[in-house]
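Student:
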Amino acid sequence: MIDWTDLPEFGFELRCCRWAERCWPPDGDAAGPVLVARQLGTSRRRWDTVVLECDPDGLRERARFGEEPLDGDALDVLRHAPAGWEYYRDALPEPAYPWRYVRESIHGAVDRGVLESRKRGGRIEIRRKWPYPDWVDRIVAIENKPDLDAAAARRLGEQLEHDVALALADEVWVATRPTGERVEPALLEGLPVEVGVVTLEPERLEASVEWYPRRLAVDEPGTLIAERPDGGGWDASAARFEYVDADRKATRRLEIAERAYGRGWRSFHRTMRPDCRHFELRSPGGAIPYCRAKGRLPTARECAGSCPAFEPEPPAWRTRGWPIEGGPGAACRRLLDDRRRRRR
Numbered sequence: 001m002i003d004w005t006d007l008p009e010f011g012f013e014l015r016c017c018r019w020a021e022r023c024w025p026p027d028g029d030a031a032g033p034v035l036v037a038r039q040l041g042t043s044r045r046r047w048d049t050v051v052l053e054c055d056p057d058g059l060r061e062r063a064r065f066g067e068e069p070l071d072g073d074a075l076d077v078l079r080h081a082p083a084g085w086e087y088y089r090d091a092l093p094e095p096a097y098p099w100r101y102v103r104e105s106i107h108g109a110v111d112r113g114v115l116e117s118r119k120r121g122g123r124i125e126i127r128r129k130w131p132y133p134d135w136v137d138r139i140v141a142i143e144n145k146p147d148l149d150a151a152a153a154r155r156l157g158e159q160l161e162h163d164v165a166l167a168l169a170d171e172v173w174v175a176t177r178p179t180g181e182r183v184e185p186a187l188l189e190g191l192p193v194e195v196g197v198v199t200l201e202p203e204r205l206e207a208s209v210e211w212y213p214r215r216l217a218v219d220e221p222g223t224l225i226a227e228r229p230d231g232g233g234w235d236a237s238a239a240r241f242e243y244v245d246a247d248r249k250a251t252r253r254l255e256i257a258e259r260a261y262g263r264g265w266r267s268f269h270r271t272m273r274p275d276c277r278h279f280e281l282r283s284p285g286g287a288i289p290y291c292r293a294k295g296r297l298p299t300a301r302e303c304a305g306s307c308p309a310f311e312p313e314p315p316a317w318r319t320r321g322w323p324i325e326g327g328p329g330a331a332c333r334r335l336l337d338d339r340r341r342r343r344r
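Printed below as a string of structure tokens:
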């Protein structure tokens, strides 16, 4: 059995993803299709949980482009590919990088079967197979802090200020465990007022909204806080920041959405060791990793080849098709991948 009273932040994060997949939005109003991913963002900021509210028709059209995510270079090509044959340099906007990388993206898109190309007079011409759809309605970021004490709130506050100033997500939430007090301690901490607060009971997946977020201006330029004064309370130096235009934000939002589409939240097995004989999946419907050697849910850092209790599966399990194809580790991977594909 999983001890829900002593759940690490990693386990709480997985349960939050499961709750968002089943019950989003928190206010109960019916929404369109929802895709959930974890540990996504930019080079400066990574969110624990990402919720994509999708347009149903656009999501079906996005499926034509395959299960794997499209990177930024491929998006630059597919979003501007013409309906008829045209020289690629005339059809596509001037890139911020050499044209040879554009040609590589074109060849990659053709290999994936989502773009057509031909050579005429020594020049590469391209034609789209389908227009790239506008499939994402909103992006919601959730920070998971099961035990939000004052110290954790101070560290989290700076990250949330970054999210609010840049406005890359439409909404930002903090998910924490309920304490049973009349006023949840999270409401008394110094978090930005634009950030929503939801308390989540991880075992039963019951949530309560304690504070509703403010919708951020994703269609307007944002402010990127690049550097903060770090000299303590007596440091009066100014922070360094820069403005991010709306087009750059829109491109970055689409790149995040593409990675979320391809990864989902059940991809944790890629950074763990399901090929260990002590690894198994538990929890009905939630696919929570469990370590029999430790007797609890391991963190992603603990479940590694350096773990003292790590024991690889016997070779016979993997080479003789146990019980059908591969060992239990391979079965765990297939189960999680199948659930991710089915949900998408």
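Under the numbering used here, think of the first position of the sequence shown as 1, with each following residue one higher. Note that beta-carbon positions come from the ideal geometry of N, C-alpha and C, so glycine has one too.
Apart from the five residues just before and just after Glu201, which ones in its own chain have a Cβ nearer than 7 Å to its Cβ?
Tutor: Once the five neighbours on either side are set aside, the close Cβ partners of Glu201 are Pro178.
Student: From Trp47, Arg100, Leu168, Gly190, pick the residue whose C-alpha is nearest to that of Ile124; which is it?
Tutor: Among Trp47, Arg100, Leu168, Gly190, the Cα nearest to that of Ile124 belongs to Arg100.
Student: Pick out whichever of Gly295, Asp71, Pro308, Glu9 has its Cα sitting closest to the Cα of Ile256.
Tutor: Among Gly295, Asp71, Pro308, Glu9, the Cα nearest to that of Ile256 belongs to Asp71.
Student: For Lys119, report the span of its beta strand (DSSP E) as first-last.
Tutor: Looking at the DSSP string, the run of the beta strand (DSSP E) that includes Lys119 is 115 to 120.
Student: In the structure shown, what three-state DSSP assignment does Leu7 receive?
Tutor: If DSSP states are grouped into helix, strand and coil, Leu7 belongs with coil.
Student: Are the beta-carbon atoms belonging to Ala81 and Ile126 less than 7 Å from one another?
Tutor: A contact, by the Cβ cut-off of 7 Å.
Student: Specify, as a first and last residue, the run of the alpha helix (DSSP H) that Asp90 falls within.
Tutor: It spans 88 to 91 - the alpha helix (DSSP H) in which Asp90 sits, taken as one unbroken run.
Student: Hey, how far is the Cα of His269 from the Cα of Arg155?
Tutor: So the alpha carbons of these two residues sit roughly 28 Å apart.
Student: Along the chain, where does the alpha helix (DSSP H) containing Pro56 start, and where does it finish?
Tutor: Run containing Pro56: 56 to 62, per the alpha helix (DSSP H) assignment.
Student: Asp149 by DSSP, collapsed to three states: which one?
Tutor: Of the three classes helix, strand and coil, the one that applies to Asp149 here is coil, per DSSP.
Student: Between Ala152 and the rest of its own chain, which residues show a CB-CB distance below 7 Å, the 5 nearest in sequence each way excluded?
Tutor: Cβ neighbours of Ala152 beyond the five flanking positions: Lys145.
Student: Is there a Cβ from chain D that is less than 7 Å from the Cβ of Glu189?
Tutor: Note that chain D does not occur in the displayed structure, where there is just one protein chain.
Student: Please go through the same chain and pick out, in chain order, the residues whose beta-carbon is closer than 6 Å to the beta-carbon of Arg240, but skip the five residues on each side of it.
Tutor: Correct list, in chain order: Ala226, Glu227.
Student: Between the segment 184 to 197 and the segment 246 to 253, do three or more beta carbon pairs fall short of 8 Å?
Tutor: No, they do not touch.
Student: Looking at C-beta atoms only, is the number of pairs between the segment 105 to 112 and the segment 132 to 139 that lie closer than 8 Å three or more?
Tutor: The segment 105 to 112 vs the segment 132 to 139: no contact.
Student: Arg266: buried (16+ other C-beta within 10 angstroms of its C-beta) or exposed?
Tutor: So Arg266 ends up on the buried side.
Student: For the structure I just gave you, are there three or more beta carbon pairs, one from the segment 50 to 58 and one from the segment 32 to 40, closer than 8 Å?
Tutor: Touching, yes.
Student: Taking the runs of the beta strand (DSSP E) that are 3 residues or longer, which of them lie wholly in the segment 229 to 266?
Tutor: Here the runs fully enclosed are 240 to 244.
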